[in-house]
Amino acid sequence: MKKKKLKKVDRNSSEIYADPFAFLKKEAIAEIEDAIEHQFKKKIALDPALLETPPNPQFGDLALPCFSLTKELQASPAEIASKLAADINESIQVGLQLSHGMSVEHIILTLSSARALGPYLNIRFNSPALAHWIVPAVLGNPTYGTGTQKKPKKILIEYVSPNTNKPLHLGHIRNALLGESIARLLEAQGNKVVRTCLINDRGIHICKSMTAYKLQAIRQRRTRLRRANYKLVPTPKSVGKKGDHFVGDYYVLYEKMLQQDESIAQKAHECLQKWEAGNTKLRALWKRMNAWALQGMKETLQKLGIVFDTFYFESDIYAKGKSLVEQYVKKRTFSRDETGAVYADFKGALPNKILLRKDGTSLYITQDMYLAIQRVKQYKPDASLYVVASEQNLYFQQLFKVLEMMKVPSAQRCHHISYGMVYLPDGKMKSREGTVVDADDLLAQIEKLATSEIKKREKKLPTQEVLQRARTIALAALKFYMLEVTPKSDMTFNPATALALQGKTGPYLLYTYARLLSILRKSEPDKQCDMFAYTWNKEQKLLLQLGQFPEIIRVSSENYSPAMVVQYLFSLAQDTNDYYHAVPILSASHEERCARLLLIASIARVLKKGLTLLGIETLEKM
RNA sequence: GCGCCCAUAGCUUAAUGGAUAAAGCAUCAGCCUUCUAAGCUGAGGACUCCAGGUUCGAUCCCUGGUGGGCGCACCA
């Protein structure tokens with residue numbers, strides 16, 4: 000028989016407080032190492048990451064697959080598992096050293112049993128022990144789940160980056176929601192995040208809108224002048240439209256006009272030339288139209304809960320990009336071809352990239368090169384992230400390679416967060432075919448649906464409150480739907496599913512949260528509570544899940560993948576719903592009610608925190 | 001033509017190389033006089049595109065097919 004150890008730990012140490020489950024894993028591994036030494040007379044250091052979550056919770060809380068130990072221990076996996084199980088069970092401490100209430104300072108015992116199932120060693124924690132570590136960490140630690148970064152990094156993240164000629168659409172929504180959630184995850188890990196947005200406010204696209212506007216405005220003014228003697232050009236205000244939609248309409252009008260009269264294209268090109276030459280009148284119109292568009296887009300972004308720290312404007316920097324490229328031509332980093340265009344030669348590693356047109360005008364990459372350097376000077380970031388769709392994969396490889404050739408020190412710290420395309424059930428969105436899903440329309444549509452659902456349930460609710468709730472629910476539905484998919488995967492946007500309020504949706508999570516709060520409103524959890532009152536398998540499962548939260552946040556942050564948080568929260572919500580349907584809380588005995596209320600309060604805390612990281616707001620009532 | 005990515009239930013999506021591939025929707029059958037039915041319980045539904053290989057073990061890694069997407073602009 001092995002000698003019993005008695006280990007005392009301060010539960011309030013910051014390491015344990017921040018991630019009690021990681022601590023429990025370490026304890027479990029230490030226990031296994033001891034068992035190996037005892038049974039096989041060998042000292043082996045094991046990585047806690049070897050421990051897995053068993054596929055079936057009935058097996059246990061943690062599992063060690065023993066395959067990788069066979070060579071070292073000269074035994075079959077099943078043999079190893081059963082020997083270790085026997086040894087660990089012998090050494091398990093009988094109970095907890097407890098005082099009453101949550102203020103207990105030292106407790107012992109991390110494992111409750113170990114069992115071999117074939118080649119797997121399954122370990123189960125004991126519920127009270129688990130609860131004693133996890134519940135205080137969740138409820139007592141306001142930053143539970145948000146990592147303790149030793150050296151906080153400064154991270155720049157660029158996302159959305161729209162053109163100013165048309166309103167935001169579905170593609171922008173995926174971009175915006177991903178970017179924002181990733182920014183929040185990085186912040187939660189203790190990093191300093193700077194949100195930036197590049198506005199593509201210059202180029203032929205905006206000239207198209209301007210051309211159509213000019214032609215149309217002139218036409219309208221002529222008619223009006225004939226009728227009444229005053230001058231009037233349409234503005235977003237005069238026609239009662241959001242600025243971005245107003246400008247976008249002229250972009251559509253341009254395409255229509257072009258179909259009837261090809262000479263319009265020439266006019267748009269002249270417009271661009273005049274703009275480049277700095278024509279005062281045209282620049283004034285451009286400024287006005289851009290301001291309208293930008294204002295509209297900012298409203299949409301704000302609705303989505305997105306606020307940028309810094310906007311960069313292509314029109315401000317494109318000229319500087321040109322001289323930057325010229326400098327490096329002199330240094331012979333880049334070459335000029337026979338036509339006069341400047342290009343980067345990647346020697347076959349990548350397709351070569353033109354950096355400056357033969358007429359000397361700048362390209363998208365010209366200003367991106369300048370911007371990359373400018374941002375480093377301004378913020379001195381440790382990392383610079385670009386959230387842009389996967390169709391730009393090659394472009395970013397080229398951009399980063401160009402920066403490397405220029406010996407920009409931060410080139411290594413640039414990273415393209417590539418995400419998949421958004422398709423409609425019948426294919427890709429095409430603005431010319433009018434199949435684009437407009438961001439504002441989509442939001443309005445979900446809000447309308449949520450409104451009618453609320454009215455069905457609560458007839459006496461004041462209109463203001465209905466609209467408030469509808470808004471939150473609509474956003475939760477949309478955000479959950481867009482973030483549910485692994486970022487790098489392409490996705491099919493199915494309007495019916497995106498509008499759904501039941502099943503695996505954002506509103507389901509809000510509902511779960513609201514119900515927890517509803518129970519807590521009826522009875523406050525008493526902190527002086529006996530953790531031995533946890534007796535249900537469902538409680539064990541929930542405690543474990545709560546304990547896994549910090550790890551989920553860390554891993555999803557490292558992988559830039561809010562989808563992992565979505566999966567986790569949904570699964571937590573499912574088990575929670577199952578729990579309060581099956582287990583009485585308010586009507587339970589004093590001890591049980593107390594413990595259950597604490598569990599519920601912990602779940603509510605984690606749900607809210609997790610949803611916040613997805614950019615989803617919660618409701619107290621639904 | 002070349003490069004990158006993808007293929008999982010009828011549909012939309014999960015699954016750090018590990019145990020019986022997991023959910024939601026849709027279909028079918030139940031549960032509101034007990035903490036909010038936007039909920040819960042149960043049933044059916046998958047040769048994880050095909051053929052090989054590596055491994056104790058492959059949806060996952062490698063090779064070759066097939067089918068789709070994206071890119072290979074002096075567009076953005």
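Numbering (numbering that gives the first Met the number 0), first residue to last: 0 to 621.
C-beta: ideal position from N, C-alpha, C; glycine also.
Taking each of Arg374, Lys42, Thr534, Ser570 in turn and checking the Cα distance to Ser126, the smallest one comes out for Thr534.
In the three-state DSSP reduction, Arg287 falls in the helix class (H, G or I). The continuous alpha helix (DSSP H) containing Lys329 extends over residues 313-329. Approximately 13 angstroms separates the beta-carbon atoms of Leu598 and Ser522; this is outside 8 angstroms, ruling out the contact. Contact check for Ser409 and Ser383: beta-carbon distance about 6 angstroms, within the 8 angstroms limit, so the pair qualifies. Pro235 is a Cβ neighbour of Trp291, given a cutoff of 8 angstroms. A straight line joining the alpha-carbon of Glu446 with that of Ala48 spans about 44 angstroms. If you draw a straight line from the Cα of Leu354 to the Cα of Tyr369, it comes to about 11 angstroms. In the three-state DSSP reduction, Met420 falls in the coil class, being neither helix nor strand. Taken atom to atom, the span from the alpha-carbon of Tyr578 to that of Pro506 is near 19 angstroms.
Cβ contact annotation for Lys607 (same chain, cutoff 6 angstroms, sequence separation greater than five): Thr617, in chain order. One thing to note: Val134 has its Cβ no nearer than 8 angstroms to the Cβ of Tyr143. Secondary structure at Arg335: strand, using DSSP grouped into helix, strand and coil. Going by DSSP, Ala475 is part of the alpha helix (DSSP H) stretching over 462-482. DSSP, read as helix, strand or coil, puts Arg218 in helix.
In the three-state reduction of the DSSP assignment, Leu49 falls in the helix class. Thr145 sits in coil when the DSSP states are folded into three classes, being neither helix nor strand. With a cut-off of 8 angstroms on Cβ pairs, the region 200-210 is in contact with the region 265-281, counting three or more such pairs. Where Thr195 is concerned, the enclosing beta strand (DSSP E) starts and stops at 191-198. Only residues of its own chain outside the window of five on either side were considered, and among them Leu482, Glu483, Val484, Thr485, Pro486 have a CB closer than 7 angstroms to the CB of Ala562, listed in chain order. No Cβ-Cβ contact shorter than 8 angstroms links Leu176 with Lys458.
If you look at Ile154, you'll find it in the beta strand (DSSP E) that goes 153-157.
A distance below 7 angstroms between beta-carbons, with the five flanking residues on each side excluded, links Lys540 to the following residues of its chain, in chain order: Pro56, Asp574.
Counting only residues of its own chain and dropping the five nearest sequence neighbours on each side, Gly170 has a CB closer than 6 angstroms to the CB of Val421.
Residue Tyr119 holds the alpha-carbon nearest to the alpha-carbon of Ser67 among Ala115, Ala85, Tyr119.
Taking 8 angstroms as the cut-off, the Cβ atoms of Ser601 and Leu545 count as close. The secondary-structure analysis by DSSP pairs Asn121 across a beta bridge with Ala62, Arg114.
Bounds of the alpha helix (DSSP H) holding Lys607 are 589-612. Here DSSP, grouped into helix, strand and coil, assigns Phe492 to coil. For Val134, the enclosing alpha helix (DSSP H) stretches over residues 126-139. Non-local beta-carbon contacts of Ser81 in its own chain, meaning distances under 7 angstroms to residues more than five positions away in sequence, involve Ala115 in chain order.
In its chain, beyond the 5 residues on either side, Ala469, Ile472, Ala473 have a beta carbon closer than 6 angstroms to the beta carbon of Ala449.
The DSSP assignment places complete alpha helix (DSSP H) segments of no fewer than 4 residues inside the region 500-545 at 505-521, in order along the chain.
In this structure, the alpha-carbon of Lys329 lies about 16 angstroms from that of Thr365. Between the region 305-313 and the region 339-353 there are fewer than three inter-stretch CB-CB distances shorter than 8 angstroms, so the stretches are not counted as touching. In the DSSP annotation of this structure, the continuous segment of the beta strand (DSSP E) that includes Leu355 starts and ends at 352-355.
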